[in-house]
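Below is one structure, written out as structure tokens; comments come after it.
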Amino acid sequence: MRDIQSTVDWLLNGVDDVVSRELLEAKLERSQRTQTPLIVKLGVDPTAPDIHLGHTVVLEKLRQFQELGHQVVFLIGDMTGRIGDPTGRSETRRQLSKEDVQKFAETYVAQAGKVLDRDRLILRYNSEWLEPLRLAELIDLMSRVTLARILERDDFHDRFSQHFPIHLHELLYPLMQAYDSVALKADVELGGTDQRFNILTARQIQEAYGQEPEVGLFMPILEGTDGVRKMSKSLGNYVGVEEPPDEIFGKVMSIPDSLMVRWYQLLLGERPETIQQRLAAHENPRDIKAELARRLVSRFWGEEWGRRAQENFDRTFRAREVPDDAPLLSWRSEWAQIGAIDLVAGLPGVPSRQEARRLLTQGAVTVDGQRVSLTDTVSLQPGSWIKVGKRRFFRVQELETESR
RNA sequence: GGAUGGGUGCCCGAGUGGUUAAAGGGGGCGGUCUGUAAAAUCGCUGGCUAACGCCUACGUUGGUUCGAAUCCAACCCCAUCCA
Numbered sequence: 007m008r009d010i011q012s013t014v015d016w017l018l019n020g021v022d023d024v025v026s027r028e029l030l031e032a033k034l035e036r037s038q039r040t041q042t043p044l045i046v047k048l049g050v051d052p053t054a055p056d057i058h059l060g061h062t063v064v065l066e067k068l069r070q071f072q073e074l075g076h077q078v079v080f081l082i083g084d085m086t087g088r089i090g091d092p093t094g095r096s097e098t099r100r101q102l103s104k105e106d107v108q109k110f111a112e113t114y115v116a117q118a119g120k121v122l123d124r125d126r127l128i129l130r131y132n133s134e135w136l137e138p139l140r141l142a143e144l145i146d147l148m149s150r151v152t153l154a155r156i157l158e159r160d161d162f163h164d165r166f167s168q169h170f171p172i173h174l175h176e177l178l179y180p181l182m183q184a185y186d187s188v189a190l191k192a193d194v195e196l197g198g199t200d201q202r203f204n205i206l207t208a209r210q211i212q213e214a215y216g217q218e219p220e221v222g223l224f225m226p227i228l229e230g231t232d233g234v235r236k237m238s239k240s241l242g243n244y245v246g247v248e249e250p251p252d253e254i255f256g257k258v259m260s261i262p263d264s265l266m267v268r269w270y271q272l273l274l275g276e277r278p279e280t281i282q283q284r285l286a287a288h289e290n291p292r293d294i295k296a297e298l299a300r301r302l303v304s305r306f307w308g309e310e311w312g313r314r315a316q317e318n319f320d321r322t323f324r325a326r327e328v329p330d331d332a333p334l335l336s337w338r339s340e341w342a343q344i345g346a347i348d349l350v351a352g353l354p355g356v357p358s359r360q361e362a363r364r365l366l367t368q369g370a371v372t373v374d375g376q377r378v379s380l381t382d383t384v385s386l387q388p389g390s391w392i393k394v395g396k397r398r399f400f401r402v403q404e405l406e407t408e409s410r
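Per our numbering, residue 7 is the first one in the first sequence, and the count goes up by one each step.
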């Protein structure tokens, strides 16, 4: 059995901050002694069904807790999510129906299950206890926190001092989230650093209700593929866990080298020193990055796909050959003799003839290895391949059986 | 309800009567190069055209003008302040 100190060291790898290490040690120690798993909570808003690598930072940490035999609880914030987005700018939030929430939960678990052990995972909904909450109870809850404390929170504070609106119900958010921890008797709660305030409030409220406070573990925000801004779908610098293997592999290869150590640490739980040593030993950074890419693909798709993604990548970008899985186009007779623009404009992913012209002018198009220019007429045959830019390939499929 | 400032291309943002398909930046795409879809560097980035050129576009609708993103009117929307 591992001793508590090294277990804690291992659990805190990559963690931005913990409140508090001593408490975590104490809880782990007690858990070991009494053979009772800790309850580890992660709150999830039923709003963003597509999980990307940024979200998996927290999931990876949860996985580590699972590995130690603790109980992970996904708390779906169906109640908090239903009330509305704090910005209040976008019109009244669509009410989420029970079915919506249900569907969300399923997709979420399906995706999160690529990182976590689904059999050791409990799903709860905060409407279970928030819905029946009566005004008297709510008042009781509210009486345990002061306005000043709530306004300490960074974003409230900023908005208030900049005279941006704060809606009254938004003040309740931290309270409700805190109450969730009371209801679950959570021992540990994970969140991004942006969750700091909410989690600290939860600890306070738990104490007010006579419970031992939870340990707050704050995970750093993962930078996106651009290496600068946080990973988010709207910034387009994300890698989704459901993306095809080649896509994941390629996107990971495109991150700046400087980001590798961090991704290894946050996404795979590696020690930063391990990777730094390899770099210091002049191992080719490309290979280290390729390994990162392969391991991530493997995590989401399995070993076999990880290996294949790597092979395809090497073939396409290092040897510049046509990848195995280039999209197939069914042969069309007019392709026997066709103007370059017509051909390119008809390919998937080319939005307009203007774009086709641009690509041809810039020398981006190759047919069977032969560069094609704007005014060329090309002749294709079944088995031909077309390359557009560095990474778009198409293979013309042999004639389908004409009978169907 | 009142006051003020705004609504420009995928995003940010300049532009106050013609030289504006609209500066600049970001993003995207492409060429070269390379250890990678890294970095660097050069180019493209509304649509139609092989090209000349044509068409559509600056919140909406109407107007003034030879000519409007730019002026006028009404309307819609957003932000802040006062109530």
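Where a beta carbon is used, it is the ideal one built from N, C-alpha and C, also for glycine.
If you're wondering where the values come from, they're calculated on a predicted model, not measured in any experiment.
Item	Value
E137 vs M85 beta-carbon contact at 8 Å	yes
Exposure label - Q283; buried when at least 16 CB within 10 Å	exposed
Outcome for T367 when other beta-carbon atoms lying within 10 angstroms are tallied against a minimum of 16	exposed
DSSP-derived helix/strand/coil call for S133	helix
The stretch 229-240 in contact with the stretch 254-273 per 3-pair CB rule at 8 Å	yes
Bridge partner(s) assigned by DSSP for R377	T372
Contact the stretch 239-258 vs the stretch 207-223: 3+ CB pairs below 8 Å	no
In DSSP terms, what H61 is bridged to	Per DSSP, none; premise fails for H61.
For L228, the nearest candidate out of D51, H58 and P52 (CA to CA)	H58
Proximity winner among E105, M148, N132 and E66, relative to V2 (alpha-carbon distances)	Residue 2 cannot be examined here, being either before or after the span of the chain that is shown, 7 to 410.
Exposure of G20, with buried meaning 16 or more beta-carbon neighbours within 10 Å	buried
Distance, W311 Cα to I128 Cα	29 Å
L48 versus R377, V350, D193 and Q403, residue with shortest Cα-Cα distance	D193
Alpha-carbon to alpha-carbon, P333 and S390	12 Å
Under 8 Å between C-beta atoms of L153 and Y185	no
Enclosing alpha helix (DSSP H) for R268 [first to last residue]	M266 to L274
Contact the stretch 290-304 vs the stretch 315-333: 3+ CB pairs below 8 Å	yes
Nearest-angstrom Cα separation, counted from L353 out to R359	10 Å
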